[in-house]
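Student:
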Amino acid sequence: FEPGARTAWHTHPLGQSLLVTAGLGWIQRDGGPIEEIRPGDVVWFEPGERHWHGASATVAMTHVAVQERQDGEAVAWLEHVADADYARGPG
């Protein structure tokens, strides 16, 4: 993810693991604060947990994402993360 890039809100039917490999990223779970993720961090999203992830506003981030399919589906995409919400950043 380039600086400022992020996914839309989404869910995974069987959950998702992220392993951060470089840079500085942000994640947010529905109803929770934006959190920083850094190289070596492993993040687990529960099945059906609404969330997004991406780079911080100023630093790129790469990760390995692992999720399985259920009935041929690995992800359900939802609405985009609002720029104003993203701009709040961690804290």
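Sequential numbering from 6 applies to the sequence shown in the numbering used here.
Where is the CB? At the ideal position from N, CA and C, for every residue including glycine.
From which residue to which residue does the beta strand (DSSP E) around A27 run?
Tutor: Translated into the one-based positions of the sequence shown, residue 27 becomes position 22. Its beta strand (DSSP E) spans residues 21 to 28.
Student: Which residues in the same chain as G9 place their Cβ atom closer than 7 angstroms to its Cβ, once the five residues preceding and following it in sequence are excluded?
Tutor: The count along the sequence shown starts at 1 and reaches residue 9 at position 4. Once the five neighbours on either side are set aside, the close Cβ partners of G9 are A60, A62.
Student: Roughly how far, in whole angstroms, is the beta-carbon of L23 from the beta-carbon of A70, given that I think they are within contact range, below 8 angstroms?
Tutor: The count along the sequence shown starts at 1 and reaches residue 23 at position 18. The count along the sequence shown starts at 1 and reaches residue 70 at position 65. Yes, L23 and A70 are in contact; Cβ-Cβ is about 5 angstroms, under 8 angstroms.
Student: Among A13, I42, D88, R34, which residue has its Cα nearest to the Cα of H68?
Tutor: Taking the sequence shown and counting its residues from 1, the one referred to as residue 68 is at position 63. Here the closest residue by C-alpha is I42.
Student: Only counting the same chain, and skipping five residues up and downstream in sequence, which positions put a Cβ closer than 6 angstroms to that of L19?
Tutor: Counted from its first residue, the sequence shown places residue 19 at position 14. The beta carbon of L19 lies closer than 6 angstroms to those of P52, E73, Q75 in the same chain, with the five residues before and after it left out.
Student: Run the CB neighbour count on H56, radius 10 Å, all protein chains shown included, and call it buried at 16 or more, exposed below.
Tutor: The count along the sequence shown starts at 1 and reaches residue 56 at position 51. The C-beta of H56 has 16 or more other C-beta atoms within 10 Å across all chains shown, which makes the residue buried.
Student: Determine the contact status of R11 and V86, defining contact as a CB-CB distance below 7 angstroms.
Tutor: Your numbering for residue 11 matches position 6 in the sequence shown. Your numbering for residue 86 matches position 81 in the sequence shown. Yes, these two residues count as a Cβ contact at 7 angstroms.
Student: Output the distance between the C-alpha atoms of L29 and W49, rounded to the nearest integer angstrom.
Tutor: Start at 1 with the first residue of the sequence shown, and residue 29 comes out as number 24. Start at 1 with the first residue of the sequence shown, and residue 49 comes out as number 44. If I take the Cα positions, the gap works out to 17 angstroms.
Student: From E84 to R93, what does the alpha carbon distance come to, in whole angstroms?
Tutor: Working through the sequence shown from its first residue, we reach residue 84 at position 79. Working through the sequence shown from its first residue, we reach residue 93 at position 88. E84 and R93: Cα-Cα distance of roughly 18 angstroms.
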